[in-house]
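First the structure, in the form of structure tokens, and then the observations on it.
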Amino acid sequence: MLKYVTPQADRKYVALYSFAPNKDDELELRRGDIVNVIRKCGDGWYLGTSRRTKKFGTFPGNYVEKLCL
């Protein structure tokens, strides 16, 4: 079975707004943070890792924008 792997550059997003987590599985964002997005969930939330904190969690997808290099 072939598995499609998203290129590393396609997974980099920048936080447009700060986000304070309300639950243990949520990821804190600060405006300007770079986040590696692992999955886009159907409910509008994303799953990823902060490059600043190295922490992993979910966050609102509308708080980030794809980083174009």
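For the sequence shown, the residue numbers in the numbering used here are 3 to 71. Heads up, the beta-carbon is just placed ideally off N, CA and C, and yes, glycines get one too.
**OP:** State the DSSP-derived secondary structure class of ASN64, mapped to helix, strand or coil.
**Re:** Here residue 64 refers to the residue found at position 62 when the sequence shown is read from its first residue. ASN64 falls in the helix class under three-state DSSP.
Original post:
Nearest to GLY63 by CA position, among ASP27, GLY44, ASN24, is which residue?
Top reply: Translated into positions along the sequence shown, residue 63 becomes position 61. Looking at the Cα atoms, GLY44 is the closest of the given residues.
Subject >> As assigned by DSSP and simplified to three states, the class of ARG53 >> reply: In the sequence shown, counting from the first residue as 1, residue 53 sits at position 51. Here ARG53 sits in coil by DSSP.
**OP:** Evaluate PHE61 with the Cβ neighbour count: other Cβ atoms within 10 Å of its Cβ, from every protein chain shown; 16 or more gives buried, anything less gives exposed.
**Re:** Against the sequence shown, residue 61 aligns to sequence position 59. By the 10 Å Cβ count, PHE61 comes out buried.
Subject >> Nearest to ARG54 (by Cα), restricted to the options ARG33, ASP27, LYS25, TYR65 >> reply: Locating residue 54 in the sequence shown gives position 52, counting from the first residue. For ARG54, the nearest C-alpha among the options comes from ARG33.
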